[in-house]
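Number 78 in our numbering belongs to position 90 of the sequence shown; there are no gaps in the numbering. One structure below.
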Amino acid sequence: MYTFYKTARFILGPVFRLLYRPVIIGRENIPSDGPAVIAGNHKHAFDPLLIDISTKRVIRTLAKKELHDSRFGFLFRSAGTIPVDLHAKHNPAALEAAVAALKQGELVNVSPEAKRNYTDELLLPFKFGAAVMSERTGAPIIPYAVAGDYSLFPKHRLTVMFGRPVEAGGSPGDTNRRLYDEVAGLLRKAMSEDELKHKHFTSYESWGKI
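As structure tokens, then:
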């Protein structure tokens, strides 16, 4: 199963490492078996590839529906990605597909920001998908932070840092807030002082008032 995914990672993984020389910290926090939601910030289209090469396991990534509907959609479908409509307020089909994958013991990667962050904000508001997936399946959430540059000659070294599992508890809102704070904390550790000085942090509670 997922032969295309594994073959693509086998071929593209070494190329990706050669080009960007990423630093991967805390990969031991990704469980070696069993379900887990992997969730973090989203800064570049290559973020899923960086997460994919951080483990030997197959990761089911939520990807925007437009990629599945494009002329190259068969590549994304073959890789086992889960289509999500970023323009819809709710995505029940994507949620159900992700929950089903978790119940089968798989890893699911989701970007709670729901889009790439091109702003000066450290993090954009988090949607509830990761928290709801965890609440419904009991799967832990593995937070991560991506920092640095996707560049052949980076000013800041490309880095991904994985944190300790966030267990679902209380309401999805409580879980989502703890996930937001964990990712923010990881970003502060992974980013250089030069990167951080250009960022503004808005607390989880403050986003709800904007």
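Every residue gets a Cβ at the ideal spot worked out from N, C-alpha and C, and that includes glycine.
First and last residue of the uninterrupted alpha helix (DSSP H) at residue i
i, result
"N97", "No alpha helix (DSSP H) holds N97; the beta strand (DSSP E) holding it covers 95 to 98."
"F4", "-9 to 8"
"T190", "First-last for T190: undefined, no H or E at that position."
"M121", "117 to 125"
"T107", "Here T107 belongs to no alpha helix (DSSP H), and DSSP marks it neither H nor E."
"R234", "For the chain, the structure presents residues -11 to 198; residue 234 sits outside this window and is missing."
"A86", "80 to 91"
"P19", "Premise fails: P19 is in no alpha helix (DSSP H) and is neither H nor E."
Residue i, buried or exposed, once every other Cβ within 10 Å from all chains shown has been counted against 16
i, result
"K103", "exposed"
"D35", "buried"
"L90", "buried"
"A33", "exposed"
"E170", "buried"
"S42", "buried"
"G158", "exposed"
"S122", "buried"
"Y132", "buried"
"W74", "According to the sequence shown, residue 74 is Leu rather than Trp. The residue is exposed, with fewer than 16 neighbouring Cβ atoms inside 10 Å."
Span of the beta strand (DSSP E), counted from its first residue to its last, around residue i
i, result
"L50", "47 to 52"
"T69", "First-last for T69: undefined, no H or E at that position."
Bridge partner(s) assigned by DSSP for residue i
i, result
"P113", "DSSP lists no partner for P113."
"G28", "Y132"
"M149", "I13, A133"
"V154", "I129"
Nearest-angstrom beta carbon gap, residue j and residue i [assumed within contact, 8 Å]
i, j, result
"L167", "P100", "7 Å"
"L95", "A24", "5 Å"
"I129", "A27", "5 Å"
"N29", "P153", "Actually they are not in contact, since the Cβ atoms of N29 and P153 sit about 17 Å apart, beyond 8 Å."
"A88", "P71", "Their Cβ separation, rounded to whole angstroms, is 14 Å, which puts A88 and P71 out of contact at 8 Å."
Review point. Can you list the alpha helix (DSSP H) stretches of 4 or more residues lying completely in the stretch 155 to 184, in chain order?
Key: You should have 160 to 178, 181 to 184.
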